[in-house]
Structures are given as structure tokens and as C-alpha cells.
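Residue numbering for the sequence shown follows numbering that gives the first Met the number 0, starting at 0 and increasing by one per position.
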Amino acid sequence: MNANERFEYMAELFYKQTGVIAPGKDAPAGFSVDSYEKRLEVWSEWAERFYSDLFANLV
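Structure (C-alpha cells):
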């Protein structure tokens with residue numbers, strides 16, 4: 000999996016779990032979207048939990 004495929008996978012998982020479009024993704028026309036700053040804040044919190052859970056399960 001290359002970096003782009005990994006981002007697309009994580010962005011899809013992020014959207015399914017939070018209902019928020021990942022920063023770096025374009026929203027469809029007419030789709031209500033939070034500000035970039037809010038999306039980045041939610042993404043950062045989500046990614047921290049994602050990697051924390053991932054690494055906790057590797058031990």
C-alpha cells in the first residue's frame with residue numbers, strides 16, 4: 000500500500016466513524032462541510048486514537 004492508498008483508506012474509515020470529511024478531501028457540491036480547521040482538529044484527535052489503538056494491539 001502506498002502513501003496515497005493509505006490516506007484514502009484512513010480518510011474513508013475516518014468519515015465512517017466520525018461523519019466528517021478528512022482534511023485534504025474535497026466535499027461534493029452542496030455537501031455541508033465543517034471548516035478546514037475543525038476538520039483538522041477532529042482528524043488529529045481521531046488519528047491519535049487510531050495509532051494508539053493500533054500500537055496497543057501489537058504488543
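For every residue, glycine included, the Cβ atom is placed at its ideal position computed from N, Cα and C.
All values derive from a computational prediction rather than experimental measurement.
Relative to the C-alpha of residue i, which residue among the options is closest?
i     : options                   : result
Glu16 : Val41, Glu4, Ala55, Gly23 : Note on residue identity: the sequence assigns Gln, not Glu, to residue 16. If we check each option's Cα against that of Gln16, Val41 comes out closest.
Met9  : Ser43, Leu57, Ala55       : Ser43
Pro22 : Ala28, Ser51, Ala2, Phe13 : Phe13
By DSSP, does residue i sit in helix, in strand, or in coil?
i     : result
Ala26 : coil
Asn3  : helix
Ser51 : helix
Ser34 : coil
Can you list, in chain order, the residues of its chain whose CB lies under 8 angstroms from that of residue i, leaving out five sequence neighbours each side?
i     : result
Trp45 : Phe13, Gln16, Thr17
Would you please state the rounded distance, in angstroms, between the beta carbons of residue i and residue j? I believe it to be under 8 angstroms.
i     : j     : result
Ile20 : Arg48 : Contact flag wrong, Cβ pair sits at about 18 angstroms.
Apart from the five residues on each side of it in sequence, which residues of its chain come closer than 6 angstroms, Cβ to Cβ, to residue i?
i     : result
Lys24 : Ala10
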